[in-house]
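Undergrad: Residue numbers (this note's numbering), protein chains in the order written: chain A, 2 to 300; chain B, 296 to 778. Just so it is clear, CB atoms sit at the ideal spot from N, CA and C, and this is done for glycine as well. Just dropping this structure here.
Okay, here's the thing in structure tokens:
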């Protein structure tokens, strides 16, 4: 049987093949990435897009979440101060209602209460990074203004009912703000400003009036109501922290998965490289042995 | 009865025959490394015997030329396999360039540049960040800058695809002239072969014709039909004549629809050549299928993202308190007069990727708030961010769509890679079979040469002895008269 007389050139082609394998392996070793092109593992390349997408989303949420937590903490501390101001107002009003104070003392109480009202107004107009946080979506104008030209004075809300939400990567919506009117000017006896304004009006004349007793009760109710609203903000803070923690854990897991997917297996690669080197040496030896000589040399 | 004279004649023709055989061997050795050369063997032929008085006497041997040792079936199979192999390897080379545009992101922060998947994520992330503080200028600026990166990368990828397409178009056009040179050479060889050796193998001419067919097979897909008098007709795989006997038909090119089309005698054969094989088939497959497919996917992505993000932004209120002109999901239409578009608004899917750009310059125009809400509202930006997780691009989320796109592209390339490897292995195998039959083996030639040399020596020896016999006959017993 005749054999292919040009087998040495086929061996040379194998040598080329081995060298290209070596180049590919060294490339993976030096870059540390096992998938250097789409065709080397199409499924992993597609999976990689999704994993990176989720990792980056998680990362981005963690950042947004810390931004938002600042705002929620400012809101929470403002409401905390409102509650302590209201406590002070209640103790003032209680002392005024027991009938032991004279006219000028009652007027002083009224003035003090007015001071507290102004303090609460400024707390209700708290801003975070230049944006008023209790005005719903109307964040550029102060949500509360008190008109003292009338008796009793009236405090109006200039914001709206808008509530902003932050969406977590798993689709939960976390409430970011409570509109100011829900906290301060809700209708009836829960309205902080209405109750305070009427109490101020009750004592402004220096005489004890019957309505002051009712107003004092309302002020208690209003304070409890503010505390309740504060709970909504605390809840958001807790949920954000929980979501943020969960996302951080998820991000770690995803990063591990992505690294496993894309990272080169150094030990495996080194082994393959050394095998390829041995093969190359063997091929070279075979070529140099077989490539020389024919029967003509023996003639 | 045979005579000494006839024996002398016989042996001198044997010497001639051996010389002719040695000549064939020398020619083989001389052409051992000539591409396309087919090994030849001398044709020894027994001379017709002479019958004298009812007894037949052999008249020796002559060499009637040399015969090329070839297997036409193998050669034809090699040519077919070469068409497939060069088509897939050409396609693979072009696809390798293409896939470099979509190198997988390793995930380290330094490698994110230019990756459309990461760009999509960054854009939607910057939008979700804006949820946390819809009036923050830095966050708004970030949305526009990530949008620019996204639009820039998609548009760059589309532009590179189109550049590659025109480069392939150029290369494909260049092949036409090579094909024409080869077909006219084959037509000429046909003519020579038909006039010189209409019945037998044409040896070197046949080698040349085979060599040209082999080159032609690398360029385009062909069928060959053997005709009378050793002629050969060559058609494209779809049956359009390229060479008929001694006539060749020119492959011409002409622009049609922005790319070059190929014609034979006025018939557009582009589609047939695309599926036919050869380098031209490979180029045309990438030019007319792979690149348009990739571009169409990018177009769809760009179109969906641009139009839908624009529509959402246009149905909201920006930081200046201006409303867009769009209608939101509750059916409320904005009171604005100019649309609030972030991206260049495409009118059709085709070409969207190339034209994708950010037209918004003022970050305040990002409509974070819903229609009718104050500027601190974030519900509109929330719906833009939710867009990233909804099935908005061909029934998939933008990231899933891109992921599917790269997987599909990768699978296609991987399949072509496998095809190319197996086809080139099969070409090597066929070539090896042909070489083992038709290639010049120096060991064989050495042994043949030795054999003919020995035969020549033997014939000379016989000649010497006959000469002595003749001398003896002439001298009739006197030893010294004629030596």
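(1) If we ignore side chains and look at the alpha-carbon of each, how far apart do residue 408 of chain B and residue 437 of chain B end up?
(2) Could you tell me how far apart the beta carbons of residue 181 of chain A and residue 135 of chain A are, in whole angstroms, since I believe they sit closer than 8 Å?
(3) In the DSSP output, which residue or residues are listed as bridge partners for residue 337 of chain B?
(4) Nearest-angstrom Cα distance between residue 363 of chain B and residue 288 of chain A?
(5) Taking the DSSP output, what are the residues bridged to residue 129 of chain A?
(6) Compare the C-alpha of residue 491 of chain B against each of B/479, B/533, B/526 and B/319 and name the closest.
(7) Using a Cβ cut-off of 9 Å (strictly closer), state whether residue 172 of chain A contacts chain B.
(8) In three-state DSSP terms, what is residue 494 of chain B?
(9) Among A/129, A/125 and A/131, which one has its Cα closest to the Cα of residue 147 of chain A?
(10) Could you tell me which chain A residues have their CB closer than 7 Å to the CB of residue 697 of chain B, listed as they occur along the chain?
(11) Closest to residue 121 of chain A by C-alpha separation, out of A/84, A/290 and A/128, would be which residue?
(12) Would you kindly check if the distance between the Cβ of residue 737 of chain B and the Cβ of residue 394 of chain B is under 9 Å?
(13) Would you mind stating whether residue 740 of chain B and residue 482 of chain B have Cβ atoms separated by less than 9 Å?
(14) With a threshold of 16 other CB atoms inside 10 Å of the CB of residue 669 of chain B, please say whether the residue is buried or exposed.
(15) Along the alpha helix (DSSP H) that carries residue 27 of chain A, what are the first and last residues, could you check?
(16) Whose CA, out of A/263, A/276 and A/300, lies closest to the CA of residue 398 of chain B?
(17) Between residue 192 of chain A and chain B, is any beta-carbon pair separated by less than 9 Å?
(18) Can you find at least 3 beta carbon pairs, one from the segment 216 to 232 of chain A and one from the segment 150 to 164 of chain A, that sit closer than 8 Å?
(19) Residues in its own chain within less than 6 Å of residue 381 of chain B by CB, not counting five upstream and five downstream?
(20) With hydrogens ignored, establish whether the beta-carbon of residue 8 of chain A is closer than 8 Å to any heavy atom of the ligand COA.
(21) Applying a beta-carbon distance threshold of less than 7 Å, which residues of chain A neighbour residue 741 of chain B?
(22) Hey, is residue 16 of chain A's beta-carbon within less than 9 Å of any beta-carbon in chain B?
(23) Just the Cα atoms here: how many angstroms apart are residue 162 of chain A and residue 597 of chain B?
(24) Ordered along the chain, which non-local residues of its own chain (more than five positions away) have a Cβ less than 6 Å from that of residue 31 of chain A?
(25) For residue 117 of chain A, does the three-state DSSP call read helix, strand or coil?
(26) In the DSSP assignment, find the unbroken alpha helix (DSSP H) run with residue 194 of chain A in it and report its ends.
(27) So, at 8 Å on beta carbons, what are the nonlocal neighbours of residue 201 of chain A in its own chain, with the 5 sequence-adjacent residues on each side left out?
(28) Would you identify the three-state DSSP class for residue 108 of chain A, choosing helix, strand or coil?
(29) Look up residue 728 of chain B in the DSSP assignment and give the residues it is bridged to.
(30) Decide yes or no for the touch test of the segment 591 to 609 of chain B against the segment 635 to 652 of chain B: beta carbon pairs closer than 8 Å, at least 3 of them.
(31) Let me check understanding here. Comparing Cα to Cα, which of B/508, B/496, B/467 and B/468 lies closest to residue 478 of chain B?
(32) If distances are taken between C-alpha atoms only, which option among A/218, A/294 and A/245 comes closest to residue 191 of chain A?
(33) Would you call the CB atoms of residue 82 of chain A and residue 248 of chain A closer than 9 Å?
(34) In this structure, does DSSP put residue 583 of chain B in helix, strand or coil?
(35) Exposed or buried, what is residue 99 of chain A when buried is set at 16 or more other beta-carbons lying within 10 Å of its beta-carbon?
(36) Please identify the residue among A/266, A/278 and A/4 whose C-alpha is closest to the C-alpha of residue 29 of chain A.
TA: Result, derived from the coordinates:
(1) At residue 408 of chain B, the pLDDT of 48 sits below 50, so the modelled position is not reliable; the number obtained from the coordinates is stated separately. C-alpha of residue 408 of chain B to C-alpha of residue 437 of chain B: approximately 16 Å in a straight line.
(2) The pair is a contact, with the Cβ atoms about 3 Å apart (cut-off 8 Å).
(3) B/361, per the DSSP bridge assignment.
(4) Taking the straight line joining both Cα atoms gives about 30 Å.
(5) Note: residue 129 of chain A is bridge-paired with A/132 in the DSSP secondary-structure output.
(6) Of the candidates B/479, B/533, B/526 and B/319, the one whose C-alpha sits nearest the C-alpha of residue 491 of chain B is B/526.
(7) With 9 Å as the cut-off, residue 172 of chain A counts as an interface residue toward chain B.
(8) In the three-state DSSP reduction, residue 494 of chain B falls in the coil class, being neither helix nor strand.
(9) Cα-wise, what sits closest to residue 147 of chain A is A/125.
(10) The answer, in chain order, is 50.
(11) Comparing Cα-Cα distances from residue 121 of chain A to each of A/84, A/290 and A/128, the minimum goes to A/84.
(12) At the C-beta level, residue 394 of chain B and residue 737 of chain B stay beyond 9 Å of one another.
(13) No.
(14) Around the beta carbon of residue 669 of chain B, 16 or more other beta carbons lie within 10 angstroms, which makes this residue buried.
(15) Boundaries of the alpha helix (DSSP H) around residue 27 of chain A: 8 to 32.
(16) When the alpha-carbon of residue 398 of chain B is set against those of A/263, A/276 and A/300, the nearest one is in A/263.
(17) Chain B contact via Cβ: absent.
(18) Short answer: they don't touch.
(19) Here the set comprises 513, 573 and 574.
(20) In terms of ligand content, the structure shown is empty, and the ligand COA therefore cannot be addressed.
(21) Chain order gives the chain A residues near residue 741 of chain B as 295, 296, 297 and 300, where near means a beta carbon separation below 7 Å.
(22) Among the CB atoms of chain B, none fall inside 9 Å of the CB of residue 16 of chain A.
(23) Going from the Cα of residue 162 of chain A to the Cα of residue 597 of chain B covers about 37 Å.
(24) Same-chain partners within the cutoff: there are none.
(25) Note: residue 117 of chain A maps to helix in three-state DSSP.
(26) DSSP places residue 194 of chain A in the uninterrupted alpha helix (DSSP H) bounded by 193 to 205.
(27) These residues qualify, in order along the chain: 111, 114, 115, 118, 153 and 154.
(28) The answer is helix: DSSP assigns residue 108 of chain A an H, G or I state.
(29) Checking the DSSP bridge columns, you'll see residue 728 of chain B has no partner listed.
(30) Judged by Cβ distances under 8 Å, the segment 591 to 609 of chain B makes contact with the segment 635 to 652 of chain B, as three or more pairs qualify.
(31) Ranking B/508, B/496, B/467 and B/468 by Cα distance to residue 478 of chain B puts B/508 first.
(32) From the listed residues A/218, A/294 and A/245, the smallest Cα separation to residue 191 of chain A is found for A/218.
(33) By the CB criterion at 9 Å, residue 82 of chain A and residue 248 of chain A fall outside the cutoff.
(34) Correct three-state label for residue 583 of chain B: helix.
(35) In summary, residue 99 of chain A is exposed, with fewer than 16 beta-carbon neighbours lying within 10 Å of its beta-carbon over all protein chains present.
(36) Considering only alpha carbons, the answer is A/266.
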